[in-house]
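S.K.: What follows is a single structure, and I will ask about it in a moment.
Number of protein chains: 2
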Amino acid sequence: MSTDLHIVVPAGGSGTRLWPLSRAASPKFLHPLTGTERSLLQATYDRLTPLVTPEFIHVVTGTSHATAVARQLPEVPERNILVEPMPRDSCAAIALAAAVIAKENPDAIMASFAADHLIADPGAFVDTVRAAVEGAKAGRLMTIGITPTGPETGFGYLRCSSVPVPGTAQPILEFREKPSAEVAAEYVASGEYLWNASMFVWRVSAFLEALAEHRPDVLEPVRRIVAARDTAAEEQVLAEVWPTIPKVAVDYAVMEPAAAQGRVATVPGDFGWSDIGDFDTLGELLAKTCDGAAVVGEGEVICLDTEDSVVVPHGGRLVALLGVRDLIVVDTPDALLVARRDRTQDVKKVTELLKERGLTGFL
Amino acid sequence: MSTDLHIVVPAGGSGTRLWPLSRAASPKFLHPLTGTERSLLQATYDRLTPLVTPEFIHVVTGTSHATAVARQLPEVPERNILVEPMPRDSCAAIALAAAVIAKENPDAIMASFAADHLIADPGAFVDTVRAAVEGAKAGRLMTIGITPTGPETGFGYLRCSSVPVPGTAQPILEFREKPSAEVAAEYVASGEYLWNASMFVWRVSAFLEALAEHRPDVLEPVRRIVAARDTAAEEQVLAEVWPTIPKVAVDYAVMEPAAAQGRVATVPGDFGWSDIGDFDTLGELLAKTCDGAAVVGEGEVICLDTEDSVVVPHGGRLVALLGVRDLIVVDTPDALLVARRDRTQDVKKVTELLKERGLTGFL
């Protein structure tokens, strides 16, 4: 049975809310933000190995990171590392992987998990995936919805048909975008909502059918690219056709309209998931306490009269804090960020400002 | 007349409240904290040149800084750069210079000014020094007292016999140590107090007499060292005798008891003086505004929603601030300080903590 399951890991996105630690040239998924020496990508790989052997693991990544991915995951066959000539968002990346897998086996089950999430209980994760695989075999487009631990406004939500039961598949009525604080509180109070972590499981044929229906403008160029795979024209077709694919997220392009058609179901997951989306979360999950500050990493830190602050000493230098509170201090070899802790969601605004000012070397 | 005036610049002290910019190996006076490319030491030299030619300028400094001083002040004769084998505080440094000058000309007038102060109006400074020289010729131990601009608690105060008149010498009744905030407010309200900036002018014979009376334990070893100067035993005597000199500040050792004897007078100075003692002052005096932060120096700084903060980008890296206020951020190649602005007086506590933890390489 495991020979039928392929797992796709889209490894893109630079994690702008983790700037300056995460960069275009050195994105979040390549960093060891796991509490061990393994990178987020490697930890993702590690928790997939109970489900499949390495030949069934595929990574979709950009030109800048293909070599790093290849070295961080030496067990994954080179052929399984699909390199996008430029980022075209998740629908294109996932469609490419689905079409590549379908070319070999149209009945294969495919599961897709981001490269830069953290999961505290890998055993519970594996069990949840297995339950979702069963739903996918029955022809449904499955998603794993995360049992909310609070009224987060940074995530999209999945509206279930009733209060979800862990380990049991049930239909998804609707994908809801990131809510306001009040709406998020209502969602969580109702018990009928799960976080959308963009974890998907489906038969590749079922997904490609839905894609054909809702976004033929994505499927058509992907089909041309996959048709040219393993021919002399492969690189040229990829280079010419890939840039024409619309940039759209698979959640909105396919799963939302499919949910409205009653074709999407979920298995609720409760396995200590985090997308480590910002420094606030990073400090909570991975820091060791040092003189009243949460320190992520191994650098030298000195704190005097400091409270509720997070330090990421990643520049190889001494970091000293005096009399401060509620701060995020991120030190890297060429850039330093000092931010109020409750503004961590706005770190991407700093990266936008850098772009405006032409300081793109720091992105 | 100018041939009678010698000027001594004690260039010691690492400026621990300016850590990590100022270090034991790279003290405040060697840094260009002047708004130009000239270091504080060079700016000190520059404002002395209307008073004397370079052969009459002497610098007393430590072994670690002798070469830097020699290169920063190429006009000062090598012989005039007196090198202390180890720091023994200001009484020893000034006594050594006084004895060296007295050996050539016991009737010479000597003036002493720190190497790391900033003066906005050098013309007014020169006029004030000239007025003090007249007082010194009359045999008094003169000090230049700074007209207070506010009730500062970081300075010692000079108690005058009556409200001082600018440019006019008058007796000092007492040296007062750093006061509390309430006491400082009383001092300033009375109009009878000046800040003690340790600027002294005297006939060397008058100073050495006062030293003989109040601190023979300092004078005696200094005499032995100066007697050996220009002999084969010079280095050996210096190395053996210097460490035996008591560590004491000249203000307390000589000027305080001399004031009690009615031998000290002052000329009030109002020439935009600052000792640039901490980052708060540095930000006020030397910063250019950038997105709501005061930036000292030339580094790249990006600020979003930032208020009343001071950035010293001295590490060659980008510094980004987001949503912070009342902070001091000092970036250097090997150490970073983030401090609440009202804690700048406590920066030296950070250096003490570094010492405790054996991180002396950062001092």
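So the protein lines, in turn, are chains A and B. Note that UniProt numbering numbers the first sequence so that position 336 is 336, with each residue one more than the last. Note that UniProt numbering numbers the second sequence so that position 217 is 217, with each residue one more than the last. Built from N, CA and C at the ideal position, the CB exists for glycine as well.
(1) Excluding the 5 residues preceding and the 5 following residue 134/B in the sequence, name in chain order all residues of the same chain whose CB lies nearer than 6 Å to its CB.
(2) Between residue 190/B and residue 149/B, what straight-line distance do the alpha-carbon atoms span, to the nearest angstrom?
(3) Which class does residue 141/A belong to by DSSP, given the choice of helix, strand or coil?
(4) Using a Cβ-Cβ cut-off of 9 Å, state whether residue 1/B counts as contacting chain A.
(5) Using beta carbons (cut-off 9 Å, strictly below), is residue 81/A in contact with chain B?
(6) What is the DSSP secondary structure of residue 110/A, counted as helix, strand or coil?
(7) Under 8 Å by Cβ, that's how I've got residue 259/B and residue 173/B pegged, so tell me the actual separation to the nearest angstrom.
(8) In this structure, how does DSSP classify residue 10/B when only helix, strand and coil are distinguished?
(9) In chain A, which residues lie less than 9 Å from residue 339/B when you measure between Cβ atoms?
(10) Please return the same chain residues whose Cβ sits closer than 6 Å to the Cβ of residue 346/B, not counting the five positions on each side in sequence.
(11) Closer than 9 Å, CB to CB, is residue 342/A near chain B or not?
(12) As a quick exercise: from 116/B, 170/B, 97/B, pick the residue whose alpha carbon is nearest that of residue 79/B.
(13) Kindly list the residues whose CB is nearer than 8 Å to the CB of residue 64/B, restricted to its own chain and excluding five residues on each side of it in sequence; keep chain order.
(14) Within a Cβ cutoff of 7 Å, which residues of the same chain sit near residue 161/A, ignoring the five residues on either side of it in sequence?
(15) With DSSP run on the structure shown, which of helix, strand or coil describes residue 313/B?
(16) Tell me the rounded alpha-carbon separation between residue 357/B and residue 48/B.
(17) Verify the CB distance criterion: does residue 298/A have a CB-CB separation below 9 Å to chain B?
(18) Excluding five sequence neighbours on each side, which residues of the same chain lie with their C-beta closer than 6 Å to the C-beta of residue 115/B?
(19) Does the segment 211-223 of chain A come close enough to the segment 176-195 of chain A that 3 or more CB-CB pairs lie under 8 Å?
(20) If you run the structure through DSSP and keep just helix, strand and coil, what is residue 268/A?
(21) On the DSSP bridge assignment, give the partners of residue 288/A in chain order.
(22) Would you mind telling me which residues of chain B sit closer than 8 Å to residue 335/A, beta carbon to beta carbon, in chain order?
(23) Do residue 331/B and residue 317/B have their C-beta atoms within less than 9 Å of each other?
(24) Within 10 angstroms of the Cβ of residue 86/A, are there 16 or more other Cβ atoms? Answer buried if so, exposed if not.
(25) Mind checking if residue 349/B is an interface residue toward chain A, Cβ cutoff 9 Å exclusive?
(26) Using 8 Å as the cut-off, classify the Cβ of residue 107/B as near or not near the heavy atoms of the ligand ADP, replying yes or no.
(27) Find the nearest neighbour of residue 99/B within the set 168/B, 90/B, 155/B, 226/B, judged by alpha-carbon distance.
(28) In terms of DSSP beta bridges, what is residue 62/A paired with?
(29) For residue 7/A, which residues of its own chain have a beta-carbon under 8 Å away from its beta-carbon, when the five flanking residues on both sides are left out?
(30) Drop a sphere of 10 angstroms on the beta-carbon of residue 246/A, count the other beta-carbons inside from all chains shown, and report buried for 16 or more, exposed for fewer.
(31) With 9 Å set as the bound, which would you pick, yes or no: does the beta-carbon of residue 295/B sit closer than that to a beta-carbon of chain A?
(32) Just to check my reading of the structure: residue 312/B and residue 296/B have Cβ atoms closer than 8 Å, yes? What is that Cβ distance to the nearest angstrom?
(33) Check whether chain A comes within 9 Å of residue 221/B, counting only Cβ atoms and requiring the distance to be less than that.
(34) Counting pairs of beta carbons, one from the segment 269-285 of chain A and one from the segment 174-187 of chain A, are three or more of them closer than 8 Å?
(35) Going residue by residue through the segment 147-218 of chain A, where are the continuous beta strand (DSSP E) segments of at least 3 residues, counting only ones entirely within it?
M.R.: The structure says:
(1) As a working note, residue 134/B is residue 134 in the second sequence. Excluding positions up to five away in sequence, the list is empty.
(2) Along the second sequence, read from residue 1 onward, the residue named residue 190/B stands at position 190. Along the second sequence, read from residue 1 onward, the residue named residue 149/B stands at position 149. Looking at the two C-alpha atoms, the distance is approximately 13 Å.
(3) Here the question's residue 141/A lines up with position 141 in the first sequence. Strand, per DSSP.
(4) Here residue 1/B refers to the residue found at position 1 when the second sequence is read from its first residue. Its pLDDT being 39, under 50, residue 1/B is placed unreliably by the model, and nothing is read from it.
(5) The residue labelled residue 81/A in the question sits at position 81 within the first sequence. Cβ-Cβ to chain B under 9 Å: no for residue 81/A.
(6) Within the first sequence, residue 110/A is the residue found at index 110, counting from 1. Residue 110/A: strand per DSSP, three-state reduction.
(7) What you label residue 259/B is simply residue 259 of the second sequence in a count that begins at 1. What you label residue 173/B is simply residue 173 of the second sequence in a count that begins at 1. Between residue 173/B and residue 259/B the Cβ distance is about 7 Å, and since that is below 8 Å, they are a contact.
(8) Indexing the second sequence from 1 puts residue 10/B at position 10. Looking at residue 10/B - three-state DSSP - the assignment turns out to be strand.
(9) Taking the second sequence and counting its residues from 1, one reaches residue 339/B at position 339. Ordered by position in chain A, the residues that pass the 9 Å Cβ test against residue 339/B are 304, 320, 321, 322, 323, 324.
(10) Residue numbering aside, residue 346/B sits at position 346 when the second sequence is read from its first letter. So no residue of the chain qualifies.
(11) Reading the first sequence from its first residue, position 342 is the one you call residue 342/A. Yes, residue 342/A lies at the interface with chain B (some Cβ there is under 9 Å from its Cβ).
(12) Within the second sequence, residue 79/B is the residue found at index 79, counting from 1. With distances taken between Cα atoms, residue 79/B lies closest to 97/B.
(13) To locate residue 64/B, count along the second sequence from 1; it is residue 64. The residues are 24, 25.
(14) As a first step, residue 161/A is located in the first sequence; it is residue number 161 there, counting from the start. Taken in chain order, the residues that qualify are 170, 171, 173.
(15) Here the question's residue 313/B lines up with position 313 in the second sequence. Looking at residue 313/B - three-state DSSP - the assignment turns out to be strand.
(16) Here residue 357/B is taken as the residue at index 357 of the second sequence, counted from 1. Here residue 48/B is taken as the residue at index 48 of the second sequence, counted from 1. Taking the straight line from one Cα to the other gives about 42 Å.
(17) The count along the first sequence starts at 1 and reaches residue 298/A at position 298. No, residue 298/A does not count as interfacial toward chain B.
(18) In the second sequence, residue 115/B corresponds to position 115, counting from 1. Correct list, in chain order: 9, 11, 29, 41, 44.
(19) no
(20) In the first sequence, counting from the first residue as 1, residue 268/A sits at position 268. Three-state DSSP puts residue 268/A in a strand.
(21) In the first sequence, residue 288/A corresponds to position 288, counting from 1. BP columns for residue 288/A point to 295/A.
(22) Numbered from 1 along the first sequence, position 335 holds the residue referred to as residue 335/A. In chain order: 317, 318, 319, 320.
(23) Your numbering for residue 331/B matches position 331 in the second sequence. Your numbering for residue 317/B matches position 317 in the second sequence. Yes, the pair counts as a contact, with Cβ atoms nearer than the cut-off.
(24) Your numbering for residue 86/A matches position 86 in the first sequence. So residue 86/A counts as exposed.
(25) Taking the first residue of the second sequence as 1, we reach residue 349/B at position 349. For residue 349/B, the closest Cβ of chain A is nearer than 9 Å.
(26) Absent from the structure shown: the ligand ADP. Ligands present: none.
(27) Stepping through the second sequence from its first residue, residue 99/B is reached at position 99. When only C-alpha atoms are compared, the closest one is 226/B.
(28) The residue you call residue 62/A lines up with position 62 of the first sequence. DSSP lists 84/A as partners of residue 62/A.
(29) Looking up residue 7/A in the first sequence gives position 7. Correct list, in chain order: 48, 51, 52, 56, 57, 58, 110, 111, 112, 113.
(30) Here residue 246/A refers to the residue found at position 246 of the first sequence. With fewer than 16 Cβ atoms within 10 Å of its Cβ, residue 246/A is classed as exposed.
(31) Walking along the second sequence from the start, residue 295/B turns up at place 295. Closer than 9 Å: no.
(32) As a working note, residue 312/B is residue 312 in the second sequence. As a working note, residue 296/B is residue 296 in the second sequence. The Cβ separation is near 5 Å, so the contact holds.
(33) Looking up residue 221/B in the second sequence gives position 221. Under the 9 Å criterion on CB atoms, residue 221/B is classed as non-interfacial with respect to chain A.
(34) no
(35) Listed in chain order, the complete beta strand (DSSP E) runs (minimum 3 residues) inside the segment 147-218 of chain A are 156-160, 170-176, 193-203.
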